[in-house]
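In order, the protein sequence lines correspond to chains D and A. Just so we're aligned, residue 8 is where the first sequence starts under my numbering, counting upward by one. Just so we're aligned, residue 278 is where the second sequence starts under my numbering, counting upward by one. Virtual Cβ for every residue (Gly too), placed ideally from N, Cα, C.
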Amino acid sequence: MRADVRGPHPGLLGTIIIVAFAAVFEFSIGELQAEPVVTAPGPSTAATPTTPTERPWAVLTGMPSSIHVQTYLPWKSRASRPCARFRVITLRPQARVEVATSGLGGTVLAAVPPIAADDPCLPRKIIGAGESRKTPASPWSDHIVLEAAGGSPAIIDRWVAARIDVSSLTADGTTMDGRIMALAPGERPVDTPLKVDRLPGSPFFTAATWFLGIIIPAGATAILGYLGTRAVSAATARAGFRSYVVDHPGPITNFIRNQVRATLVAEGISNPLRRLLEDMYQKELLSKLPSGASKRLRAICASEDKQAFLVLLAKLFPEMGHTIDEIRNEIGNA
Amino acid sequence: MIGTVQQPPGPAPRAAPPAQSLLSALSAHPDFRLATNPFAPIAADGTPEFDYRKGSLFPQTDIPHLKYYFDHYAWKDPTRLFKIQPNGLQTFAPPAPGAGTVILLSGFKGHGRKSLHNLLYWEISKTPPPPLLVEYTAEVFPETNKTANAVLSVFLSQADQYRKENFSASQLYDRLQDSLTRWKNNSIIDLPPIDLLFDYFRKDIQSNKPSPPVIFSLDASTHAFDLDVWRPTCSMLCRLADYIIVSFSDFQKASILRSNLSGHRDKPIETALVDAPRIGLKGIRDLLEWRLSHHRSAPPPPAAPKPDLAPFTEDALGALISPGSLVRTNGSSIDQGRPKAMIADTENGQSLSIKVLIDRLAGAFSEKCRELEDLLAGNGGTISALPTGRVQITRSDMERYMRLSLT
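Okay, structure coming up:
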């Protein structure tokens with residue numbers, strides 16, 4: 008019997024990786040949706056009678072005999088709990104039935120409405136008939152009590168959801184064998200077995216692990232390499248520029264003493280910094296600047312901020328600091 | 278006088294100037310009151326005095342041109358060079374001893390820069406002997422020596438010509454050649470700096486009695502502007518010349534060069550900058566009032582508006598710089614394709630170059646006179662019978678003329 012069990016949702020990234028590996032490894036999408044495969048449908052009723060003629064007082068129906076849990080993505084392996092629904096039907100009137108588990112770790116149960124919801128594991132607050140959404144208590148418990156309506160014995164027919172605790176199945180290939188039991192006063196316990204297996208990781212989990220194991224270090228290496236190259240390149244550019252400044256005092260001195268001074272001090276000049284930028288371009292000074300300084304210079308020239316321009320100039324050509332200060336004073340006095 | 282003297286060029290006016298006989302008749306009308314054409318006045322004996330539409334002013338060949346200068350210039354160094362008056366410049370400081378003065382003239386074509394250049398030349402020529410003028414039109418090179426060689430060649434050529442035209446300088450050229458030989462021979466490995474040669478030349482010129490002033494005239498508007506080239510060139514020429522007149526189209530380039538030459542901390546050079554700007558509405562009004570005032574046949578009536586612009590109206594001046602939706606007969610805008618130098622915005626509104634301004638004023642005046650001539654022909658020549666308001670040049674008259682002139 009196919010279990011009404013759903014695995015954890017892979018998420019967007021997981022879906023993308025799944026689709027990619029489906030194309031690579033030729034697995035079908037259906038297989039990749041991590042619906043645990045139920046391999047061993049078992050009897051839906053429990054309670055082996057002591058004698059062939061003894062009729063059980065209740066049946067537990069709809070519960071698979073085994074549930075498989077499989078890891079297919081590294082971050083989706085342990086977080087969730089598989090969930091299953093089953094039905095408890097008393098064959099003779101009972102006032103109350105207690106449902107519990109055994110051998111299933113922290114598995115919890117909750118009485119659920121009979122509505123065939125898509126997800127048997129409803130949100131925290133399960134709204135039953137007549138219940139209010141403001142019910143404060145959590146419905147999940149390791150054992151629950153199903154009572155007949157009105158308190159008098161009657162046939163009880165209720166759905167129960169079970170959240171299976173797979174936290175003990177830490178390694179692939181481990182198994183948990185347990186039972187779900189129904190208990191009533193004066194009656195023999197009725198139970199049904201439930202086996203929970205953690206299957207070995209899916210090929211896609213393996214592939215994903217490999218993929219991430221390669222791509223993350225490679226990516227980190229690439230990023231570090233890029234940053235390192237940039238740093239080296241910037242340092243080289245700075246060193247090259249310094250070397251140019253030291254080796255070519257004439258053009259630089261002329262430019263600052265003549266062009267810069269005259270343009271900033273002269274009367275009636277519109278957009279003086281843009282003129283100077285053009286002069287620097289024509290004299291091939293711009294091409295010698297490190298890229299960061301070049302960008303800053305262009306931004307300053309576009310904004311026509313004379314003081315910022317002179318500050319940058321003093322930084323680029325500290326050897327001409329005295330002349331630049333004189334120009335700054337002249338502009339300030341103008 | 279040596280140097281290239283350019284003959285006044287100038288296109289023929291679009292509307293023929295009105296005949297003096299017509300103007301004499303119209304002068305009696307209270308809305309006209311002009312004895313002659315203010316833009317092409319004719320003397321009492323019938324000879325043309327001057328025609329603004331024929332081009333630049335040339336006082337060096339025609340001294341009466343002096344009185345036709347309208348001072349719309351911006352004098353940036355008034356202590357050295359300032360203000361046009363009927364007999365010349367109010368201030369024209371001589372160069373410092375042993376060093377030349379760089380005079381920077383800026384202005385686009387049609388703004389009056391050439392007339393100003395001619396005025397300066399006339400000022401320098403006022404005192405004999407005539408100046409030795411070198412118009413250098415070759416390229417200015419980044420390598421100073423290259424420029425110096427080119428300048429030297431042109432200078433010696435002009436000096437030879439000067440000697441032929443001026444008896445007083447008969448020995449000057451020979452002295453210059455001797456200095457050149459001495460300069461070349463006094464070297465061990467390489468030629469000495471050219472500045473030294475120019476110092477020799479200056480001494481030779483000063484020792485020639487009377488000593489002619491040396492003027493170099495350069496046109497920077499035809500060369501790429503580079504301070505690294507122009508500064509050493511001007512500095513080199515200052516050792517030889519008394520005046521170095523450098524012409525620019527762009528005022529800002531002239532201003533930068535002036536700032537560089539005069540503010541150089543090691544070797545400041547004396548400079549004077551004059552700009553020939555566009556003329557806005559106020560300047561147009563001043564120019565017209567000034568021009569008309571010279572040729573009034575009668576004072577204005579008591580109730581006449583001020584300033585006295587008759588026969589022009591204030592509205593007509595507005596049409597000059599704000600033609601609005603004026604279009605050519607082919608439907609295109611009057612300003613379409615017109616160079617920006619001719620009509621441009623200033624802080625106070627639109628403005629015109631002086632050439633375009635004079636052209637439009639003179640043209641509208643001639644057109645109005647032609648119209649009045651037709652009217653007079655129709656009414657038997659009776660001035661008083663001319664309809665009221667028809668003698669005035671109104672906005673629509675100006676716009677009509679401007680439209681016609683563009684077709």
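{"Query": "Taking the C-alpha atoms as reference points, what is the distance between Ser-498(A) and Ile-561(A)?", "Result": "27 Å"}
{"Query": "Can you tell me whether Asp-332(D) is helix, strand or coil according to DSSP?", "Result": "helix"}
{"Query": "Which stretch, first to last residue, makes up the beta strand (DSSP E) that contains Pro-200(D)?", "Result": "197-206"}
{"Query": "For the segment 353-385 of chain A, which residues have a beta carbon sitting closer than 9 Å to at least one beta carbon of chain D?", "Result": "Lys-353"}
{"Query": "Comparing alpha-carbon positions, which option in Ala-587(A), Leu-565(A), Lys-583(A) lies nearest Gly-574(A)?", "Result": "The displayed chain sequence assigns Ser, not Gly, to residue 574(A). It is Ala-587(A) whose Cα lies nearest to the Cα of Ser-574(A)."}
{"Query": "Determine the closest residue to Gln-266(D) out of Ile-151(D), Asp-198(D), Leu-116(D), Ile-331(D), with distance taken between C-alpha atoms.", "Result": "Ile-331(D)"}
{"Query": "Let me confirm a value: Asn-278(D) is counted as buried when at least 16 other C-beta atoms fall within 10 Å, else exposed. Which label applies?", "Result": "exposed"}
{"Query": "Please list the partners that Ile-338(D) has in chain A, where partner means a Cβ-to-Cβ separation under 7 Å.", "Result": "Within chain A, no residue comes near Ile-338(D); the closest Cβ sits about 12 Å away, beyond 7 Å."}
{"Query": "Among Arg-264(D), Lys-302(D), Ala-315(D), whose alpha-carbon lies nearest the alpha-carbon of Glu-333(D)?", "Result": "Arg-264(D)"}
{"Query": "Drop a sphere of 10 angstroms on the beta-carbon of Glu-644(A), count the other beta-carbons inside from all chains shown, and report buried for 16 or more, exposed for fewer.", "Result": "buried"}
{"Query": "Does DSSP put Lys-403(A) in a helix, a strand or coil?", "Result": "coil"}
{"Query": "Let me confirm a value: Lys-353(A) is counted as buried when at least 16 other C-beta atoms fall within 10 Å, else exposed. Which label applies?", "Result": "buried"}
{"Query": "Against chain D, with Cβ distances strictly below 7 Å, would Asp-505(A) count as a contact?", "Result": "yes"}
{"Query": "What does DSSP give as the partner residue(s) for Gln-77(D) in the beta ladder?", "Result": "Leu-206(D)"}
{"Query": "In whole angstroms, what is the alpha-carbon distance linking Val-173(D) and Gly-112(D)?", "Result": "8 Å"}
{"Query": "How long is the line joining the alpha carbons of Ile-133(D) and Val-152(D), rounded to whole angstroms?", "Result": "Residue placement at Ile-133(D) cannot be trusted, given a pLDDT of 49 that sits under 50; the coordinates are not used to answer."}
{"Query": "Any beta carbon from chain D within less than 7 Å of Gln-435(A)'s own beta carbon?", "Result": "no"}
{"Query": "Where does Arg-88(D) fall in DSSP's three states?", "Result": "coil"}
{"Query": "Are the beta-carbon atoms of Arg-672(A) and Ala-581(A) separated by less than 7 Å?", "Result": "no"}
{"Query": "Give the secondary structure of Asp-258(D) by DSSP, where H, G and I count as helix, E and B as strand, and everything else as coil.", "Result": "Checking the displayed sequence, the identity of residue 258(D) turns out to be Pro instead of Asp. Residue state, collapsed to three classes: helix."}
{"Query": "When we look at the beta-carbon of Lys-386(A) and count the other beta-carbons within 10 Å, is it buried (16 or more) or exposed?", "Result": "exposed"}
{"Query": "Using the DSSP secondary-structure output, state which residues sit across from Val-115(D) in a beta bridge.", "Result": "Arg-170(D)"}
{"Query": "Roughly how many angstroms separate the alpha carbons of Asp-286(D) and Gly-377(A), rounded to a whole number?", "Result": "28 Å"}
{"Query": "Taking a contact to mean a Cβ-Cβ separation below 7 Å, would you say Phe-528(A) touches Asp-552(A) in this structure?", "Result": "yes"}
{"Query": "By the three-class DSSP mapping on this structure, what secondary structure does Thr-97(D) have?", "Result": "strand"}
{"Query": "Return the residues of the segment 254-271 of chain D that lie within a Cβ-Cβ distance of less than 9 Å from chain A, sorted by chain order.", "Result": "Pro-258, Asn-261, Phe-262, Arg-264, Asn-265, Gln-266, Arg-268, Ala-269, Thr-270, Leu-271"}
{"Query": "Whose CA, out of Leu-683(A), Phe-642(A), Val-506(A), lies closest to the CA of Ala-296(A)?", "Result": "Phe-642(A)"}
{"Query": "Would you mind giving the Cβ-Cβ distance between Cys-515(A) and Ile-546(A), rounded to the nearest angstrom? I have them listed as a contact below 8 Å.", "Result": "6 Å"}
{"Query": "With distances taken from CA atoms, which of Leu-219(D), Thr-108(D), Arg-103(D) is nearest Ile-162(D)?", "Result": "Arg-103(D)"}
{"Query": "Evaluate Thr-338(A) with the Cβ neighbour count: other Cβ atoms within 10 Å of its Cβ, from every protein chain shown; 16 or more gives buried, anything less gives exposed.", "Result": "exposed"}
{"Query": "Within its chain, find whatever has a CB closer than 7 Å to the CB of Asn-395(A); leave out the 5 residues flanking it on each side and keep chain order.", "Result": "Ser-333, Leu-334, Phe-335, Pro-336, Gln-337"}
{"Query": "Does Trp-64(D) come out as helix, strand or coil in the three-state DSSP assignment?", "Result": "coil"}
{"Query": "Which residue marks the beginning of the beta strand (DSSP E) containing Asp-496(A), and which one marks its end?", "Result": "491-496"}
{"Query": "Taking DSSP as the reference, what is the three-state secondary structure of Phe-226(A)?", "Result": "Nothing about residue 226(A) can be reported from this structure: the residues present for chain A run from 278 to 684 only."}
{"Query": "Using a Cβ-Cβ cutoff of 8 Å, what residues of the segment 422-448 of chain A are near chain D? List them in chain order.", "Result": "none"}
{"Query": "What residues from the segment 231-242 of chain D come within 7 Å of chain A, judged by C-beta to C-beta, listed N to C?", "Result": "none"}
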